[in-house]
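For the record, the sequence lines run as chains A and B. The first sequence stops at residue 477 when you use the numbering used here, and every number in between is there. The second sequence stops at residue 349 when you use the numbering used here, and every number in between is there. Quick reminder that beta carbons are idealized off the backbone N, C-alpha and C, glycines included. Worksheet for the structure shown next.
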Amino acid sequence: MDKVLYVAMTGARENMYAQQAHANNLANATTTGFKSDFEQARAMRVLGDGFESRVYAMSERPGTNLDSGTLMQTGRDLDVAIAGDGWLAVQGPDGNEVYTRNGSLQVDAANQLVTGSGLPVLGAGGAPIVIPPAQSLTIGNDGTITIRPVGENAVEVAQIDQLKLVQPENGQLFKGRDGFMHTDNDVPLAANPNVQVRAGYLEASNVNAVAELTAMISLQRQFEMQIKMMKTAEELSSSAAQVLSLS
Amino acid sequence: MHGALHVAKTGLSAQDTQLKVISNNLANVSTVGFKKDRLEFEDLLYQIRRQPGAATGEDSMLPSGLQLGSGVRTVSTQKLFTTGDMQITDQPFDVAINGRGFLQVTQPNGDIAYTRNGELHLDGEGRLVTAEGYLIEPAITLPDEVTNFSVATDGTVNVTVAGDPEPQELGQLELADFVNPQGLQAVGQNLYIETAASGAPIVGIAGEDGLGIIKQGMLESSNVNAVEELVNMITTQRAYEMNSKVISTADEMLSYVSQQL
């Protein structure tokens, strides 16, 4: 069989993978703090013995788009959005320190400050934050958590802890399989006092829906071209069979 | 078949759930003491198709690999316990809680439920009940021929009876508070019940220990913001359309294959 069939087949397969990456971005178009994934294709030579005549396509995720999403006002005390660069440190499902920009926090029954999915939020010292019974709670622009303890006067405010906010260098964070951002070997980053948060806001997903849909359409057409190539390969081989047939 | 199909399906069902939450909030835009829900989304696990750093030759390796996400899921709904606007009704049996706390209600099965809806009524035996007829805990029974009924800010209930100028103290409404009110389970009828996530109720007197005060003649309106919900509805609809567009694209791709080959 002509090798063109296999080359076109990898093109079509990789187009489908790329479609899935864009479909995932679109599915998360309304997920708080979501960062869209990039997708690109690369030409891969087939290495090995003999002449390297074929180059296959390969889709890959070169990185994650770390642009900020729009800040949405919610007015809830425990919603925090990070203004500008920076990340919120939480304890990931695997126990390591991971980073997110989804700041819809809550206090669980054990008085711990947790994310919407129940992961403990880390304080300045890198330990989970515990909030004593409070009448009101305020998160300052630097992440400082101040509470008015139950039954105390308004002047008796207490500073509890500070959210651990980090500002990694470019390329230091990558998206792990759990959807959170990780560092290499999960080495915790140091807290950075310059990161600012805004309480009462949440950060919308940074997915650009138009760009994703356009990419889907262009991938669809590309896919159709690959199928056309397979069709052509089929026609070539059948006409070859005709020419050579003994009749 | 096509990974994008399943991914887009998760997007569609998440937006579906979101629309249901929004419509429930909007339907309760004028329910006294209603607290709006918010749906929490999370991206699903990522699959590693090609490991970053895998070797492609003797001294070359893949710089970035391919990790594909598998869509979105709805993690939880959060009840947002922000206070609603206070409406003045001047009805003696309307009470609103200004601050933290819930009124306690005895359900027909004997369990205690909690509510912020202070539209109280009297039943045939002169007891204070909710609109559903469930008893308020602690139970307060009014004598006959009451001419004046008043609730103090600490919940003390006083009545004057015809022919007696001295007011009688009948009891005190108590409030319950929770460490994590968002963990309460909403059971409808404006009632919430305790769960492991909410923690045990801390019962106290209104105005003490951080509990709110009780205001007679007022009601707490729903905290749903209609404009906000409508904006959410627009984003939900558009996100739904885009996900269905992904499905039709994937479908066209597959049908093209079966037609052409």
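Other residues of its chain near residue i: CB distance less than 6 Å, five sequence neighbours each side excluded
| i | result |
| --- | --- |
| G189/B | L263, D265, L299 and G300 |
| Y247/A | S289 |
| N246/B | S238, P255 and E257 |
| L216/B | L208, I224 and I228 |
| T294/A | K265, D267 and K405 |
Closest by C-alpha distance to residue i, when choosing among the options
| i | options | result |
| --- | --- | --- |
| A339/A | Q135/B, V109/B and E282/B | E282/B |
| N415/A | G406/A, N422/A, A421/A and P423/A | G406/A |
| G430/A | E464/A, F410/A, S448/A and L367/A | L367/A |
| P363/A | V380/A, Q250/A and G370/A | V380/A |
| K97/B | T337/B, M149/B, E254/B and V275/B | T337/B |
| Y134/B | G333/A, N255/A and M274/A | N255/A |
| G271/B | A92/B, L168/B, I176/B and R326/B | L168/B |
| A271/A | L277/A, F281/A, A287/A and D279/A | A287/A |
| Q260/B | A327/B, N197/B and A294/B | A294/B |
| L191/B | G159/B, G243/B, G141/B and R126/B | G243/B |
| T165/B | R378/A, G293/A, G263/A and T345/A | T345/A |
| Q342/A | D279/A, G278/A, I390/A and V276/A | I390/A |
| K461/A | V345/B, D297/B and I322/B | V345/B |
| E317/B | D104/B, N112/B and S101/B | N112/B |
| T324/B | T248/B, A250/B and V109/B | V109/B |
| Y329/A | V385/A, F264/A, I361/A and V234/A | F264/A |
| N116/B | V312/B, K333/B, A327/B and L349/B | V312/B |
| T203/B | M330/B, V267/B, L114/B and Q277/B | Q277/B |
Buried versus exposed call for residue i [16 or more other C-beta atoms within 10 Å across all chains shown]
| i | result |
| --- | --- |
| D267/A | buried |
| D252/B | exposed |
| Q155/B | buried |
| K123/B | buried |
| H90/B | buried |
| M455/A | exposed |
| A288/B | exposed |
| S158/B | buried |
| P269/B | buried |
| E282/A | exposed |
| I369/A | buried |
| S343/B | exposed |
| Q106/B | buried |
| L318/A | buried |
| G99/B | buried |
| E130/B | buried |
| I447/A | exposed |
| S118/B | exposed |
Residues of its chain near residue i, where Cβ-Cβ distance is below 7 Å and the 5 sequence neighbours each way are ignored
| i | result |
| --- | --- |
| A350/B | Here chain B has residues from 89 to 349 only, and residue 350/B is not among them. |
| V373/A | It is Gly, not Val, that sits at residue 373/A in the sequence shown. Cβ neighbours of G373/A beyond the five flanking positions: Q392, L393, L395 and V427. |
| Q321/A | E327, L349, P350, L352 and P358 |
Close-in-space but distant-in-sequence residues of the same chain around residue i (CB under 8 Å, 5 per side omitted)
| i | result |
| --- | --- |
| V275/B | A201 and I281 |
| T260/A | A434 and S435 |
| T144/B | L150 |
| M341/B | H90 |
Beta-carbon neighbours of residue i, restricted to chain D and to distances below 9 Å
| i | result |
| --- | --- |
| I136/B | This model lacks chain D altogether, as its protein chains are A and B. |
### Query
Can you list, in chain order, the residues of the region 440–461 of chain A whose Cβ is nearer than 8 Å to any Cβ on chain B?
E442, L443, M446, I447, Q450, F453, E454, I457, K458, M460 and K461
### Query
Taking a cut of 7 Å between CB atoms, which residues from the region 270–288 of chain B lie near chain A?
Q270, G271, A284, A285, S286 and G287
### Query
Counting only runs that start and end within the region 106–190 of chain B, where is the beta strand (DSSP E) found for 3 or more residues in a row?
125–131, 134–138, 154–157, 160–167, 174–176 and 183–186
### the region 235–269 of chain A: positions lying closer than 7 Å to chain B by Cβ
M246, Y247, Q249, Q250, A251, A253, N254, L256, A257, N258, A259, T260, T261, T262, F264 and D267
### Message
At a CB distance below 7 Å, what residues from the region 335–356 of chain A approach chain B? Give them in sequence order.
### Response
Q336, V337, D338, A339, N341, G346 and S347
### Message
My parser needs the alpha helix (DSSP H) runs of 4 or more residues fully inside the region 270–349 of chain B; what are they?
### Response
314–348
### Query
Between the region 336–347 of chain B and chain A, which residues of the former have a C-beta closer than 7 Å to a C-beta of the latter?
T337, A338, E340, M341, Y344 and V345
### Message
What are the residues in the region 150–171 of chain B lying within 8 Å of chain A by C-beta distance?
### Response
L150, P151, S152, G153, L154, Q155, L156, G157, S158, G159, V160, V163, S164, Q166, L168 and T170
### Message
Ignoring anything shorter than 3 residues, give me the beta strand (DSSP E) runs that lie fully in the region 199–238 of chain B, in order along the chain.
### Response
200–203 and 223–225
### Query
Residue ranges of each beta strand (DSSP E) run of no fewer than 3 residues wholly in the region 313–366 of chain A, ordered along the chain?
317–321 and 327–330
### Message
At a CB distance below 8 Å, what residues from the region 322–333 of chain B approach chain A? Give them in sequence order.
### Response
T323, T324, R326, A327, M330, N331 and K333
### Task
Select from the region 363–389 of chain A all residues with a C-beta closer than 7 Å to any C-beta belonging to chain B, and list them in chain order.
P363, Q365, V380 and G381
#### Entry: Residues of the region 275–295 of chain A with Cβ closer than 8 Å to any Cβ of chain B, in chain order
L277, M288, S289, E290, R291, P292 and G293
### Message
Against chain A, which members of the region 291–323 of chain B pass a CB distance test of less than 8 Å?
### Response
E296, D297, G298 and T323
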